[in-house]
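Read through the structure below, which is laid out as structure tokens, and then see the notes.
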Amino acid sequence: MTTRRFRRIIMRCGLVPTAAVAVLSLYRPAFLTSLDLGVYDNMSRALPTRTPSDRIVIVDVDERSLASVGQWPWRRDVMGQLIDRLRMAGAAVVALDVMFPERDRYEAAGDTPDDALAAALRGGRVILGYAMTFDGQHYGPRTCVQHPLAVAIVHPAYDQSGDPFFHATGGVCNLEGLSDAAGRSGFLNAAPDGDGILRRVPMLVEFDGRVFPSLALAAVTAFTGAEPVTIHVGNANSSTLVLTGNRTMALDGKGNLLLRYRGPKHTFTYVSAVDVLTGKEGPETFDKRMVFVGTTALGQREVVSTPLDTQFAGVEVHATAADNLLQQDPIRRPAFGVGLETQIVLCLGVLAALLFLHFGLYLGGSMATVCGVLVWGAAIWTMSSAGTALSPLYPTLGLLSALGSMTIAGFTLERRRADRAGEENVTSRLLMVQTLLSLTGIRDLETGRHSVRTQKYTHVLAEELAKHPAYRDYLTPDRVELLASLAPLHDIGKVGVPDAVLNKPGGLTPEELAEMRKHPAHGRAVIENAEKAAGVRADFTLAIAKDIVYTHHEKWDGSGYPQGLRGTAIPIPGRVMAVVDVYDAITSKRLYHTPKSQDEATEFIVQRRGTHFDPAVVDAFVRVSSVLERLRLTDDAAATVASRDQGSGSHTTPASPVVASPSRQ
Numbered sequence: 015m016t017t018r019r020f021r022r023i024i025m026r027c028g029l030v031p032t033a034a035v036a037v038l039s040l041y042r043p044a045f046l047t048s049l050d051l052g053v054y055d056n057m058s059r060a061l062p063t064r065t066p067s068d069r070i071v072i073v074d075v076d077e078r079s080l081a082s083v084g085q086w087p088w089r090r091d092v093m094g095q096l097i098d099r100l101r102m103a104g105a106a107v108v109a110l111d112v113m114f115p116e117r118d119r120y121e122a123a124g125d126t127p128d129d130a131l132a133a134a135l136r137g138g139r140v141i142l143g144y145a146m147t148f149d150g151q152h153y154g155p156r157t158c159v160q161h162p163l164a165v166a167i168v169h170p171a172y173d174q175s176g177d178p179f180f181h182a183t184g185g186v187c188n189l190e191g192l193s194d195a196a197g198r199s200g201f202l203n204a205a206p207d208g209d210g211i212l213r214r215v216p217m218l219v220e221f222d223g224r225v226f227p228s229l230a231l232a233a234v235t236a237f238t239g240a241e242p243v244t245i246h247v248g249n250a251n252s253s254t255l256v257l258t259g260n261r262t263m264a265l266d267g268k269g270n271l272l273l274r275y276r277g278p279k280h281t282f283t284y285v286s287a288v289d290v291l292t293g294k295e296g297p298e299t300f301d302k303r304m305v306f307v308g309t310t311a312l313g314q315r316e317v318v319s320t321p322l323d324t325q326f327a328g329v330e331v332h333a334t335a336a337d338n339l340l341q342q343d344p345i346r347r348p349a350f351g352v353g354l355e356t357q358i359v360l361c362l363g364v365l366a367a368l369l370f371l372h373f374g375l376y377l378g379g380s381m382a383t384v385c386g387v388l389v390w391g392a393a394i395w396t397m398s399s400a401g402t403a404l405s406p407l408y409p410t411l412g413l414l415s416a417l418g419s420m421t422i423a424g425f426t427l428e429r430r431r432a433d434r435a436g437e438e439n440v441t442s443r444l445l446m447v448q449t450l451l452s453l454t455g456i457r458d459l460e461t462g463r464h465s466v467r468t469q470k471y472t473h474v475l476a477e478e479l480a481k482h483p484a485y486r487d488y489l490t491p492d493r494v495e496l497l498a499s500l501a502p503l504h505d506i507g508k509v510g511v512p513d514a515v516l517n518k519p520g521g522l523t524p525e526e527l528a529e530m531r532k533h534p535a536h537g538r539a540v541i542e543n544a545e546k547a548a549g550v551r552a553d554f555t556l557a558i559a560k561d562i563v564y565t566h567h568e569k570w571d572g573s574g575y576p577q578g579l580r581g582t583a584i585p586i587p588g589r590v591m592a593v594v595d596v597y598d599a600i601t602s603k604r605l606y607h608t609p610k611s612q613d614e615a616t617e618f619i620v621q622r623r624g625t626h627f628d629p630a631v632v633d634a635f636v637r638v639s640s641v642l643e644r645l646r647l648t649d650d651a652a653a654t655v656a657s658r659d660q661g662s663g664s665h666t667t668p669a670s671p672v673v674a675s676p677s678r679q
């Protein structure tokens, strides 16, 4: 497979998950919604905070106020005094994050605190708070919610969907006398998202065929005189709120304002209610300002979690919404947001695939990752500078899916190529072994056959030895196969032994024996010279081959050659090969001895347990002795047939029988 074709296959593997994520981006499954909200929160925390308007002040019924005035709720006449004090201090609008659904508990004959509060409300510039309900229940008279807003709804020609706000079924109302006295009112509802975080608040709610504003919107319209209100519907997910004076704010498909929080709690200017009642705070604090009255006292306050704070007072939520409306800088989710994010998913996926095609997995993947980081940076910058929320979640998922799929596909294909290369290496190794064996076969036919037989014997013996705890880690299945395939090389050094010595029909002189014992060194030299010629270093296969060739004549008691290694200093391949080599030598016809029977051969090897051979290898040999005998007999029968077909040669017919002599080796 060419590199170009290889990369094209992997590129296609990256495009498939990209398309899948693009579909998810279009349909927005619920299981990704919480993750998307978490991304939004992290982006919100990364934004530089904006200073709240100095036109908004929060009057706080805090612990100090309760300690001075008394427990909450206060008498209604005290609340009336608070409103009067604020009006006298020049407050342009007073918005109450407080409801009065029941009569004052302190009411008595001749003492009507509710009337005192109603009188303060009639003074004007006060926004009374109430709650909408959506559970089918209505609490109090149906006529109590009585300050609707004049709203014009403009739908585009292609979209005639329903109204862009929630539809209430009832309300938690203030006392009728108080509602009548207040010139304006607004609902206090603000529901968090499914994960409990408050990110948006509704600006408008429909009830009984009329549209009602939130406390923040009612306060802003009173403060700016920006009425009537127009809603321009973009699509099912977005709309635009337009106030008189060309003041526009983006809303979602249900009339929610996506809040741009100014910071954690107490970001706005707070004034203790007791300081207002005692006159400590005057016009310099409240003149021409919008005042929200609420409580942060422990046990009395309404607390919500926001992206920036887990203990955010409800009154500050209304102040934040009003400040967003005044500064016209809420976060907006554009009508084209989903479509744009889906296009970014596709573009990033295709870009990642093309980068991989031209630059490869690592460089292309790194460049694509940089592009993903830039998408996050662009999303945060867009949200900070333009107030436009575009989620990088789906583009990131698309990019990660593409890179992940291409990486897995790349490693899978590389593994397949490596496996094929490994198979080719195995074939090459077998060819190398057979080539070297042919050299020994040319020099000495019996040596060549001996080498082939040892391959089968080595495999059986090594498999059995692998069951021993001390050898299990070394003799893995792959290593057993490798050891068996390399076993025939153990006598390749005999190509360096003179013919007169190699084929001598009888015992060897001391000088000839010394020459014969050089064959392990000759064999190792052959492999080392091949390594140098090929430029190969530290090859595991060749290391095992050298162990087999150079150490198969070492003995457990240290009396072997060429190094005189003792015990576990002898490499495991050499220990296995020592038993196999001797077993085949004494059970096969040689010029210098007659073959032993299986029982005689087994006894011969067992007698040398712990002196000539590794005891564990001998024990394994005894357990598989019958298997080795069957292999030997099968090989003898095949050799007989081959000899009959090809004719007998001087190499296979001993000139004269001699006594078995291991020293011959």
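Numbering (the numbering used here), first residue to last: 15 to 679.
Glycine residues also receive a C-beta, built at the ideal position from the N, C-alpha and C atoms.
As the structure is a prediction and not an experimental result, all values here were calculated from the model.
Residues that DSSP places opposite residue i in a beta bridge
| i | result |
| --- | --- |
| P43 | Bridge partners of P43: none, in fact. |
| T402 | R346 |
| N270 | P216 |
| I211 | S319 |
| L284 | This sequence places Tyr at residue 284; Leu is not what is there. I72, per the DSSP bridge assignment. |
| P227 | L218 |
| F627 | R623 |
| L265 | S253 |
DSSP state of residue i mapped onto helix, strand, coil
| i | result |
| --- | --- |
| D598 | helix |
| Y485 | helix |
| V92 | helix |
| R22 | helix |
| N203 | coil |
| P127 | helix |
| N249 | strand |
| H332 | helix |
| I619 | helix |
| S573 | coil |
| V30 | helix |
| A311 | coil |
| L503 | helix |
| T244 | strand |
| V638 | coil |
Whole-angstrom C-beta distance between residue j and residue i, which should lie under 8 Å
| i | j | result |
| --- | --- | --- |
| I245 | P178 | 6 Å |
| I345 | M397 | 7 Å |
| H626 | W570 | 6 Å |
| V631 | V590 | 6 Å |
| V83 | V288 | 6 Å |
| V285 | D74 | 7 Å |
| D111 | G143 | 6 Å |
Option in the options with minimal Cα separation from residue i
| i | options | result |
| --- | --- | --- |
| G351 | R463, P409, E77, D337 | P409 |
| L189 | D118, A366, H626, I211 | D118 |
| S193 | L29, H161, M591, N260 | H161 |
| G624 | L642, S602, T582, R644 | T582 |
| R274 | S611, L38, Q342 | Q342 |
| G510 | P587, H533, N260, P519 | H533 |
| G507 | R538, E526, L642 | R538 |
| A164 | L131, A552, V243 | V243 |
| H482 | I586, T468, A559, S573 | I586 |
| L339 | V73, R69, H181, A432 | R69 |
| R101 | A132, A166, P297, R59 | P297 |
| D323 | Y284, P278, F306 | P278 |
| M57 | G208, V389, A333, A501 | V389 |
| V71 | L212, A232, I558, T334 | T334 |
| L645 | P502, L231, R467, F148 | R467 |
Opening and closing residue of the alpha helix (DSSP H) in which residue i lies
| i | result |
| --- | --- |
| G378 | 375 to 399 |
| M113 | First-last for M113: undefined, no H or E at that position. |
| L516 | 513 to 516 |
| I72 | Where I72 is concerned, there is no enclosing alpha helix (DSSP H), although the beta strand (DSSP E) it sits in stretches over 70 to 74. |
| P297 | 297 to 300 |
| V494 | 491 to 500 |
| V83 | 77 to 83 |
| A528 | 524 to 530 |
Terminal residues of the beta strand (DSSP E) in which residue i lies
| i | result |
| --- | --- |
| V288 | Not the beta strand (DSSP E): V288 falls in the alpha helix (DSSP H), residues 287 to 291. |
| V550 | It is not in any beta strand (DSSP E) - V550 carries neither H nor E in the DSSP assignment. |
| V563 | It is not in any beta strand (DSSP E) - V563 instead sits in the alpha helix (DSSP H) that spans 554 to 565. |
| I167 | 165 to 168 |
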